Amino acid sequence: MSPTADTETIRRTDFVDAGYSDHQIAHAVARGDVAKVSRGVYAAPDRIAAHPDAGSELYRLRCRAAAIADDAVLSHQSAAAVLGLPVLRPDRMRVHVINGSPGNGKVRPTRHTHAGPFDDDVVLVDGVAVTSPARTAVDLACSTRFASALTACDGALALGASRDQLLECLHRRRRRGARVASRAIEYANARSANPAESWSRAQMIDGRLPAPDLQTRFTIGTGQAFVDFCWDDRLAGEFDGRIKYGRDLRRGETAADAVSREKVREDALRAQGLMVVRWTRADLERGTMLDRIRFWVQRLDLL
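Position 52, counted from 1, in the sequence shown is what numbering that gives the first Met the number 0 calls 51; the numbers after and before it change by one each time, with no gaps.
Structure (structure tokens):
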């Protein structure tokens, strides 16, 4: 591999070559004229502000910059950030790279170098080398709990990886955490729309609830409505859409308008005889979602 020019960030040397001093660069950061990505690396603030999750975009840019500077292969959470692979509980403290050898891994405050061969599982994303979606998902799944593992495997399938590719990556060599990863691969579903839905489904699986259909479409008076989870077209489950309003606002629409639109949608679904159950992140954190769904599953005889 050879270093690739980074067109998404600006390095200190670029500023210096243009006649800026370190003092002037610091003032530009303080004024908000430029955003600091990492030591000696900057980006246009509009790029960060335009992203729905500024923290994830900053981390992605930091990972890109590190990979390009060191001609490294990103792995684990850093590969996920560049690939757009969802991570349930992202830890953006370190940049993760893989060294291509069977030993000599190392953890530093801002860098985690993982030991292990590449196994030809490397792809280029805008000139940056990262482990493939299947390899990245399996690496993550082997190092975390079931909900996070399922999130990674759901995301890999959504990015075009196959279940066979995930299994091949898992079985290629013995791994700690293989049991969790194998279970996540078994239950993975490309139709899971986001980490919260994967997390919800993981709790349903652990709670032995009947498997729901995902992203089921219904025709209502205002057009088409999709529900996150559906059982027998009689029970719908949805992760609380209030967290989506900031991202899903239509042009000229306020948050209150979105809430009203969501109520109209839900009323239309109920008018078709569909019971709608909603839950929030707090319900997932506390584990209170399962009892709510189980009540209606039993009442509607969906077991």
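Cβ coordinates follow ideal geometry from the N, Cα and C atoms, glycine included. Predicted model, so just to flag it, every value in this text is computed and none were measured.
| Check | Outcome |
| --- | --- |
| Residue burial classification, E237 (beta-carbon count within 10 angstroms, cutoff 16) | buried |
| Range covered by the alpha helix (DSSP H) that runs through S199 | 194 to 205 |
| F294, buried or exposed, once every other Cβ within 10 Å from all chains shown has been counted against 16 | exposed |
| Distance, H111 Cα to G102 Cα | 13 Å |
| Sufficient close CB pairs (3 or more, under 8 Å) joining the region 190 to 207 to the region 107 to 126 | no |
| Completely contained alpha helix (DSSP H) runs for the region 34 to 64, where each covers 4 or more residues | 44 to 48 |
| DSSP state of A187 mapped onto helix, strand, coil | coil |
| Chain-order list of residues whose beta-carbon lies under 6 Å from that of T8 (same chain, five-residue window excluded) | V36, V40, A42, L60, A64 |
| Which residues DSSP lists as bridging A235, in chain order | C229, V275 |
| C-alpha gap between V226 and Q214, whole angstroms | 5 Å |
| Span of the beta strand (DSSP E), counted from its first residue to its last, around A128 | 127 to 130 |
| Three-pair Cβ contact test at 8 Å for the region 125 to 134 versus the region 177 to 186 | no |
| Through-space distance from W278 to D300, alpha-carbon basis | 21 Å |
| Cβ shell of V275 (< 7 Å), same chain only, five flanking positions each side left out | A235, E237, E265, L268, R269 |
| Span of the alpha helix (DSSP H) around F145 | 145 to 157 |
| Segment limits, alpha helix (DSSP H) that includes V86 | Where V86 is concerned, there is no enclosing alpha helix (DSSP H), given that its DSSP letter is neither H nor E. |
| Contacting residues, own chain, Cβ-Cβ under 7 Å from S142 (five flanking each side not counted) | G176 |
| Residue range of the unbroken alpha helix (DSSP H) whose run includes T12 | 11 to 16 |
| Cβ neighbour criterion (16 or more within 10 Å) applied to E185 | exposed |
| Buried versus exposed, by CB contacts within 10 Å (16 or more), A17 | exposed |
| Under 9 Å between C-beta atoms of Q271 and F228 | no |
| Proximity to R200 [Cα-Cα], best of H75, A148, P108 | A148 |
| Reference T287; option with closest CA among P132, T12, G206 | G206 |
| According to DSSP, residues forming a beta bridge with A224 | F217 |
| Assigned exposure category for H95 - 16 Cβ within 10 Å defines buried | buried |
| Limits of the unbroken beta strand (DSSP E) element including L123 | 121 to 124 |
| Residue of D239, T109, R260, A78 minimising C-alpha distance to D138 | A78 |
| Status (buried if at least 16 other CB within 10 Å, exposed otherwise) for L123 | exposed |
| Outcome for S161 when other beta-carbon atoms lying within 10 angstroms are tallied against a minimum of 16 | exposed |
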